[in-house]
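In what follows, a single structure is set out as C-alpha cells and then discussed.
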Amino acid sequence: MNERAPTENVDLERRAAPRQKRSQDRINKIVAATKYLLENDGADAITTSSVAAQAGVPVSSVYRYFPNIYALHCTILDEFMLEAEAIISAILEDPEEQDWRISIFGMLNGLRQLVAGSPSYGAVFQLTLTTPELRVVRERWNLRLAAVLSHRWHKGMDGFHDGDPEVVARLTVEFYCAAEVLIFATRDRPEQAETYFNETLMALQRYLAPYLD
4 MNERAPTENV DLERRAAPRQ KRSQDRINKI VAATKYLLEN DGADAITTSS VAAQAGVPVS
64 SVYRYFPNIY ALHCTILDEF MLEAEAIISA ILEDPEEQDW RISIFGMLNG LRQLVAGSPS
124 YGAVFQLTLT TPELRVVRER WNLRLAAVLS HRWHKGMDGF HDGDPEVVAR LTVEFYCAAE
184 VLIFATRDRP EQAETYFNET LMALQRYLAP YLD
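Note that our numbering gives residue 148 to position 145 of the sequence shown, counting from 1, and the numbers run on in steps of one.
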C-alpha cells in the first residue's frame, strides 16, 4: 500500500544529486525500480522498502535522494513532462502544418503514444487524480500545457476567434487529461481504449470548432 503522509508541507523535490557517477547510477537504479514496480505490480506496491529491494540498494539510499515516495513519483512525472513538451513543440511548431485539427489532434495522439509506450507515466499520472499529495503536480502540468495553447491562440494562430484563449485552452487540457486517465485504465482492452480516444477527439473537435473554424 502507498505510504501516506499529511498533505500539508509534503516535500515533492528530489534531493540534490551528488556529482559522482556512482551516486547518479544509484539514483537511476532507484527510479528504474520504481517504474518497474509501477508497470508490473501497480501503484500500491510502491514503498521505500519495495523500491530499495527492486533496485538492490539499502532503504537508506532511497531516503538519501528522495525524501518520500511522492518525490519519486514526481521525478517520473518530470521525465514525462520533458518528453511530452518535446512532442508538443515538434507538432505545434511545424511550419508545414496549418490545419488545427491535424496539429492539435496530432499533439494529443503523440501524448497518448507516449503514455502507452511508458506505462509508468500513465500509472503515476493516474495517481495525481487519487493522491492529494500529487494533485499539485497534475495542476502544474495542466497549467503548462494550457499555457502553450493559450499563447498560440492569443496570437490568433489556428484561426482562434470569439473566445477567451486561456479559458478555452484550460478546458481543452482538463477534458483531455481526464479522458486520458480513462483511456489508460482500459489499456488491457485496446478496442475500448481506442473507442474512448476517438470519442474524446470527436468531443474536442465539436468544442473547439466554434473558436478555430
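All C-beta atoms, glycine included, are put in the ideal place defined by N, C-alpha and C.
The model shown is predicted, which means the values in this text are computed figures rather than measured ones.
Helix, strand or coil for residue i? Go by DSSP, reduced to three states.
i	result
P193	helix
Q23	coil
F163	coil
D28	helix
K38	helix
Taking 6 Å as the limit between beta carbons, can you name the residues of its chain near residue i, skipping five residues before and five after?
i	result
L204	F108
P122	E42
W103	D161 and L215
Go to residue i, then tell me how far its alpha helix (DSSP H) extends in each direction, as first and last residue.
i	result
D81	I72 to L95
P168	P168 to A188
A46	Neither: A46 is in no alpha helix (DSSP H) and is coded neither H nor E.
V62	V62 to Y68
If I measure Cβ to Cβ from residue i and keep anything under 8 Å in the same chain, skipping five residues before and after, which residues do I get?
i	result
K32	A58, G59 and V60
Are there 16 or more other CB atoms within 10 angstroms of the CB of residue i, so buried, or fewer, so exposed?
i	result
S63	exposed
P213	exposed
D165	exposed
I79	buried
K38	buried
G159	exposed
Q116	exposed
P9	Annotation note: pLDDT 42 at P9 (below 50); position unreliable, coordinate value reported separately. Exposed.
R155	buried
H157	exposed
M4	Confidence at M4 is low in this model, with a pLDDT of 41, below 50, so the placement of that residue is unreliable and no value is reported for it.
V118	buried
Residues in its own chain within less than 7 Å of residue i by CB, not counting five upstream and five downstream?
i	result
T131	L137, R138, V140 and R141
A196	I186, T189 and R190
I105	none
A87	L114 and L117
Exercise. In chain order, which beta strand (DSSP E) runs of at least 3 residues are fully inside the stretch 97-137?
Worked result: Runs of the beta strand (DSSP E) inside the stretch 97-137: none found.
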